[in-house]
Every structure is written in C-alpha cells, then in structure tokens.
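To start, the structure itself, in structure tokens.
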Amino acid sequence: MTLLGEQDFARIRDIRATRPDDIRAAHVGRTKREVIRGDGRLFIVAADHPARGALAVSGQPTAMANRYELLDRLAVALSRPGVDGVLGTPDIIDDLALLGLLEDKIVVGSMNRGGLRGASFEMDDRYTAYNVDTIVESGLDFAKVLVRINLADPGTAATLEATSLAVTEAQRVGLPIMLEPFMSKWADG
-5 MTLLGEQDFA RIRDIRATRP DDIRAAHVGR TKREVIRGDG RLFIVAADHP
45 ARGALAVSGQ PTAMANRYEL LDRLAVALSR PGVDGVLGTP DIIDDLALLG
95 LLEDKIVVGS MNRGGLRGAS FEMDDRYTAY NVDTIVESGL DFAKVLVRIN
145 LADPGTAATL EATSLAVTEA QRVGLPIMLE PFMSKWADG
C-alpha cells in the first residue's frame, strides 16, 4: 500500500527551499489531542532510528535508508486505527507535519541522536536532534531520550549528565519526557 507520491515529495522540497516558515505553521496549526484516551495505552511508531545510522529492519540492512519510502511507510502506519502517534527527529517530524499526517496524533521529539551506530563515540550520545525549547515551540506533545549505559565506556558519563540536564529543563517548562534506558556493552570492538 502506498499513500504518498512524487507530488508530495516535490511539495516538501519546494516548501523547505522557498517557504521554510510554513514548517512552523504546520506544527502550530495542527489539531492536537489528549495524550491519553480510550484504553489508556499509547501506540507510538518509532521513526528516529535512521538519524543514528540504524537502518536495518527484519534482516534488511537498508530498509529505512530511502527517505521517501520511510515517509510513505509512516503515512501508512499513521493511517491505521489504533496508532496514536509518532516519535522522530526534526527532519522526519517536519515532513510529516507538512504532509498533514500529524493531525490528531501524539508527536514525540527525539533528542539525542549523536551516538552514531558503530562509531568509536557511540556511547557519547550527544543531543543533536530536538532540544526542549524546540519541542515546546513546535507544539510537540513530549520528548524522548535514549539513555544508553555502558559501564565500560567513559562516554556514558557525558550522556547521563546531558540527560539529567534535559530532564531538569523539561520539568522546568512542564514538558513530559520519556526515558528509554538501555544497557549496552561493546562486542567485537
């Protein structure tokens, strides 16, 4: 099933190149919903993996490498009953907003994507995507942080410190923040 076509992608490119203020308008103008409703559970589609170079799905090493295919898959997912929203980095969330796909959906801004998969600095997971101010300005519903802890890697300390600062800042402005703790260890280098 395909929902998006070349005309949609051409429109995104045109807006980004000639009318970038329309991106903010798409965020601010979207119809928001209550975060929790119905059965009290949330089904959020995660779309922040490509930003750190994690492109594989079900044994396909480059399944998320084609941006337009990814956007189309997200459009299909967001059209399904029971899907409450999406988690992503600014580039993906902006495109989905421009396509009108975030209406009545929960939108979660991913914050730390600097720990590129396979890099020597992978555990020093810098905050290179959203920050608290941008999440609030864009009218997103909450923030998400991946807290990778590798007891054998000194980069973990910087990530933990940055995470504590992000949590404090989110609390200061009343922004819900989701922490995804993940124990890691180096294998084969």
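Number 52 in the numbering used here belongs to position 58 of the sequence shown; there are no gaps in the numbering.
C-beta: ideal position from N, C-alpha, C; glycine also.
Cβ contact check for the segment 153 to 161 and the segment 65 to 80: 3 or more pairs under 8 angstroms: no
Environment of Arg142 [buried if 16+ CB atoms lie within 10 Å]: buried
Same chain, Cβ closer than 7 angstroms to Val29, neighbours up to 5 away in sequence not counted: Ile100, Asp135
Straight-line gap, Glu163 to Val126 (C-alpha atoms, nearest Å): 7 angstroms
Where the alpha helix (DSSP H) through Leu65 begins and ends: 61 to 73
Option in Ile129, Arg111, Gly149, Ala57 with minimal Cα separation from Asp85: Ile129
Check whether Tyr121 and Asn106 have beta carbons under 8 angstroms apart: yes
When Ser178, Ala146, Tyr124 are compared against Leu169, the one with the closest alpha-carbon: Tyr124
Span separating the alpha-carbon of Arg7 from that of Tyr62: 11 angstroms
Burial state of Gly53, where buried means 16 or more other Cβ atoms lie within 10 Å: exposed
Inter-residue spacing [alpha-carbon to alpha-carbon] between Arg24 and Gly112: 37 angstroms
Check whether Ser178 and Lys138 have beta carbons under 8 angstroms apart: no
Close Cβ partners of Leu36 (< 8 angstroms) along its chain, the five nearest in sequence each way excluded: Val29, Ile30, Asp78, Gly79, Ile100
Cβ pair Leu81, Asp42 closer than 8 angstroms: yes
Gly94 to Arg46 span [Cα, whole Å]: 25 angstroms
CB of Trp180 within 8 angstroms of CB of Ala152, strictly: no
Buried/exposed call for Glu97, threshold 16 Cβ in 10 Å: exposed
C-beta atoms of Ile38 and Leu92 nearer than 8 angstroms: no
Alpha helix (DSSP H) segments (min. 4 residues) lying fully within the segment 83 to 161: 84 to 92, 126 to 131
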